[in-house]
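Numbering (the numbering used here), first residue to last: 3 to 325. Even glycine gets a Cβ: it sits at the ideal position worked out from N, Cα and C. See below for the structure under consideration.
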């Protein structure tokens, strides 16, 4: 059994290849939101019972916590040569993908000269509150693990964070659980712009919908690696390890980076370097800032820090509602 947050359509090519090479192994795929997945996996671990053989999530701090709490099993395969240090930890957690946090926008809603290339220009654009109020989308960081880590990393790294948060609040930004919902809003014209959307989902949708524009912020572009572990209480550890080994193989990389755009942690930066929409929004490799799989991610899960961060978030949006 696979417990995951990834939409099945994105990972289905990999699963079908696994089934082809392991025809006697039944695959059950259970998809949950990131925080529900973590809660279910953590509860099962504490109770010493089975939940899933493999847990795959973009909420990487929660994945680190599961490993730190002894809920994972050491891998039984050799990591591929060239896997960057930020993409694995303790031989029990490995990043399968390289997924940038991008800005998506409605090409019919913004003129080419208005498209913000970085957060400084985005802050300036958001001053047009009469134009954009209720038409900006981003993650609801209280309900989304990946949304929370992107926002927390922004607060740590961006000098623009306070002004950006204020702009989102003043424009009464709409909050969503998932990247796909934000992209849907842009594709239908309900939203003009979506902030901190997973680039894999955005690139896959853009291929079929030219209305969607994508920006890799030039000041910096965060990137996370969808992290996987083998459960300590897995029922089929052989199959779990075989699936992850396939994911990191050349075959697996091609399957994930095809229509799904889940570029590998091994070659993602090089493949994405020239991505963008032809208006200068492509990110140079130096702009990518991968979020390392490490115990440092646990800082954002500290209850006092999390409460203070969410309080700041709520106050910014409440101030916007009061206008």
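What residue range is occupied by the uninterrupted beta strand (DSSP E) comprising residue 260?
No beta strand (DSSP E) contains residue 260, which DSSP labels as neither H nor E.
Decide if the segment 154 to 163 is in contact with the segment 204 to 213; the criterion is three or more beta carbon pairs, one per stretch, under 8 Å apart.
Not touching, per the Cβ criterion.
Between the beta-carbon of residue 196 and the beta-carbon of residue 106, is there less than 7 Å?
Their beta carbons are under 7 Å apart, which means residue 196 touches residue 106 by this criterion.
May I have the straight-line CA-CA distance separating residue 241 from residue 53, to the nearest angstrom?
The straight-line gap from Cα to Cα measures roughly 15 Å.
List, from N- to C-terminal side, the alpha helix (DSSP H) runs of 4 residues or more that fit wholly inside the segment 81 to 168.
As far as the segment 81 to 168 is concerned, its whole alpha helix (DSSP H) runs of at least 4 residues are 121 to 127, 131 to 134 and 147 to 159.
DSSP three-state label for residue 8, please.
Residue 8: coil per DSSP, three-state reduction.
Let me make sure I understand the geometry here. Which of 31, 167 and 230 has the alpha-carbon closest to that of residue 96?
Closest by alpha carbon: 230.
Between the Cα of residue 158 and those of 268, 299 and 232, spot the shortest distance and give me the residue it belongs to.
Measuring from the Cα of residue 158, the nearest candidate turns out to be 299.
Sort 30, 15 and 6 by Cα distance to residue 65 and report the nearest one.
Selected option, being the one with the closest Cα: 6.
Does the beta carbon of residue 183 fall short of 6 Å from some heavy atom of the ligand COA?
As far as ligands go, the structure on display features none, and thus does not contain the ligand COA.
What does the alpha-carbon distance come out to for the pair residue 252 and residue 85?
Straight-line Cα distance between these residues: approximately 12 Å.
Once the 5 residues before and after residue 139 are set aside, which same chain residues still bring their CB inside 7 Å of it?
For residue 139, where only same-chain residues beyond five positions count, the Cβ hits under 7 Å are 175, 176, 178, 184, 187, 193 and 196.
Please list, in chain order, all residues of the same chain as residue 167 whose beta carbon is under 6 Å from its beta carbon, the five residues on each side excluded.
Answer for residue 167: 318, listed in chain order.
Tell me, to the nearest whole angstrom, how far the beta carbon of residue 265 is from that of residue 100; I am working on the premise that it is less than 8 Å.
5 Å between Cβ atoms; contact.
May I ask which residues mark the beginning and end of the beta strand (DSSP E) holding residue 292?
Counting along the chain, the beta strand (DSSP E) containing residue 292 begins and ends at 290 to 292.
Quick one: Cα of residue 217 to Cα of residue 119, how far?
Those two C-alpha atoms are separated by around 7 Å.
Would a C-beta distance cut-off of 7 Å place residue 16 and residue 258 closer than the cut-off?
Yes, these two residues count as a Cβ contact at 7 Å.
For the segment 107 to 116 against the segment 19 to 30, do three or more pairs of beta-carbon atoms, one drawn from each stretch, fall closer than 8 Å, so that the two count as touching?
Because the criterion of three Cβ pairs below 8 Å is not met, the segment 107 to 116 and the segment 19 to 30 do not touch.
Measuring alpha carbon to alpha carbon, tell me which residue in 94, 245 and 260 is nearest residue 28.
Nearest of 94, 245 and 260 to residue 28, Cα basis: 245.
For residue 63, collect the residues of the same chain with a Cβ closer than 6 Å to its Cβ; drop the 5 residues on either side in sequence, then sort them by chain order.
Around residue 63: 151, 299, 302 and 303.
Exposed or buried, which one is residue 75 when buried takes at least 16 other CB atoms within 10 Å?
Residue 75 is buried by the Cβ-count criterion.
Work out the CA separation of residue 51 and residue 88 for me, nearest whole Å.
Whole-angstrom Cα-Cα distance: 30 Å.
Could you check how far apart the C-beta atoms of residue 215 and residue 117 are, in whole angstroms? I think they sit under 8 Å.
So it is a contact: roughly 7 Å between Cβ atoms.
Can you tell me whether residue 309 is buried or exposed? The criterion is at least 16 other CB atoms within 10 Å of its CB, across all chains shown.
Exposed is the call here.
Which one of 306, 92, 156 and 296 has the shortest CA to CA distance from residue 104?
Ranking 306, 92, 156 and 296 by Cα distance to residue 104 puts 156 first.
Cα separation between residue 71 and residue 31?
In a straight line, the C-alpha of residue 71 is about 24 Å away from that of residue 31.
Can you have a look at residue 11 and say buried or exposed, based on whether 16 or more other CB atoms are within 10 angstroms of its CB?
Answer is exposed; the Cβ neighbour count stays below 16.
Buried or exposed, going by whether 16 or more other CB atoms sit within 10 Å of the CB of residue 212?
Classification of residue 212: exposed, given that the 10 Å Cβ count is below 16.
Can you tell me whether residue 263 is buried or exposed, with buried defined as 16 or more other CB within 10 angstroms of its CB?
With 16 or more Cβ atoms within 10 Å of its Cβ, residue 263 is classed as buried.
For residue 190, count neighbouring C-beta atoms within 10 Å of its own C-beta (all shown protein chains included) and say buried if the count is 16 or more, exposed if not.
Residue 190 should be labelled exposed.
Roughly how many angstroms lie between the CA atoms of residue 154 and residue 198, to the nearest whole one?
Roughly 12 Å between the two C-alpha positions.
What does DSSP give as the partner residue(s) for residue 33 in the beta ladder?
DSSP lists 6 as partners of residue 33.
With distances taken from CA atoms, which of 80, 220, 55 and 4 is nearest residue 121?
Cα-wise, what sits closest to residue 121 is 220.
In terms of residues, what are the limits of the beta strand (DSSP E) holding residue 194?
Taken as a continuous stretch (DSSP letters only), residue 194 belongs to no beta strand (DSSP E), as it is neither H nor E.
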